[in-house]
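Novice: The sequence shown lines up with residues 518 to 784 when you count with my numbering. Below you will find the structure I want to go over with you.
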Amino acid sequence: MHAKSKQKIKTEEPSNGGTQRKSTWNLPFLLCLLLIAVATYVIFSGAKDNQFVNWDDQVYVEEQPLVLEKKYNQLLKTPVSLNYHPVTMISLALQVPKDVKKLSPKPFIHLNIWLHIFNSLLVFVLIWMINDRKWMIALLTALIFALHPSHTESVVWVSERKDVLYTFFFLSSMIVYWHYTNKGKYHWLLLSFIIFILSVLSKAMAVSLPLVLLLLDYWKGRNLKEVSIWIEKIPFFAASLFFGLMAISVQKGGDFGGILTFIGRKN
């Protein structure tokens with residue numbers, strides 16, 4: 518009983534709407550967002566003049582007919598370079614100009630940079646939310662995430678669009694899920710699941726999200742012995758299993774029981 522009542526208190530806590538929403542958009546919060554965005558852009562802006570590299574860029578963009586000819590329907594069912602990430606491939610196709618004679622890498626890299634900026638802002642918001650709105654902790658965490666050299670490859674390499682794109686949806690799903698734990702409204706859980714699907718369709722690495730959601734539950738103080746907490750995760754775990762098995766099949770050159778098709782170049 519105590520655990521249930523504790524969970525109820527935590528669920529209903531944020532519902533005193535006006536005051537909390539008013540305190541969200543205060544000056545330190547906005548200045549932190551601005552600082553993160555500017556710092557990230559300055560650090561990575563030099564990459565805008567980078568060229569395509571002779572390692573996957575031809576397979577994903579330069580010589581990929583499905584992308585160059587904007588064949589979105591085929592991209593939805595076609596693995597590329599032994600990876601199934603249709604949302605990533607469609608995002609690349611959307612950036613290809615019509616009747617282009619020589620494709621420029623600049624728009625692709627520029628969007629990668631902006632996605633990384635948005636991801637860094639999402640890290641700030643997430644850490645700020647789960648740490649009682651302590652903006653200094655959130656700022657330091659977001660800056661480490663934004664400026665760490667381990668992200669360089671994901672941002673400045675066109676073919677690594679999948680990294681910054683899946684991360685964008687991954688973090689967004691976490692934030693929406695945290696909102697669900699505060700509000701207790703199931704439409705937030707549904708929205709979190711939809712965003713999760715977009716993440717896993719951007720890169721299979723996103724299958725780890727359900728475990729991360731359990732960590733958020735633990736951090737929140739929810740009772741993990743409650744059956745309801747596990748029931749609400751069933752769609753997440755089912756999707757993770759499905760797309761995980763699909764990724765294994767594709768990596769081995771399979772078509773996942775005929776669901777997918779290989780067209781054109783296959784590496």
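All C-beta atoms, glycine included, are put in the ideal place defined by N, C-alpha and C.
1. Alpha helix (DSSP H) containing Q768: first to last residue?
2. Anyone know if the C-beta pair for L593 and A610 falls short of 8 Å?
3. Could you compute how far the alpha carbon of V617 sits from the alpha carbon of L585?
4. Report the residue from I644, V576 and L550 whose alpha carbon sits nearest the alpha carbon of K737.
5. Flag this pair as touching only if the region 550 to 567 and the region 655 to 662 have three or more C-beta atom pairs under 8 Å; answer yes or no.
6. So, at 7 Å on beta carbons, what are the nonlocal neighbours of P666 in its own chain, with the 5 sequence-adjacent residues on each side left out?
7. Alpha carbon to alpha carbon, how far is F779 from V597?
8. Over what stretch of residues does the alpha helix (DSSP H) that includes D734 continue unbroken?
9. Between the alpha carbons of L551 and L688, how many angstroms are there, rounded?
10. For K565, which residues from the same chain have a beta carbon less than 8 Å from its beta carbon, with the 5 sequence-adjacent residues on both sides left out?
11. Quick check on DSSP: helix, strand or coil for N648?
12. Give the DSSP bridge partners of V597, in chain order.
13. When burial is assigned at 16 or more other CB atoms within 10 Å of the CB, is D649 buried or exposed?
14. Of the residues P614, L632, M653 and S608, which one's Cα is nearest the Cα of S671?
15. Indicate whether N636 and V681 have their beta-carbon atoms separated by less than 8 Å.
Specialist: Inspection of the coordinates gives the following:
1. I751 to Q768
2. no
3. 9 Å
4. I644
5. yes
6. none
7. 8 Å
8. L726 to K737
9. 19 Å
10. K623, I626, H627 and I630
11. coil
12. N600
13. exposed
14. L632
15. yes
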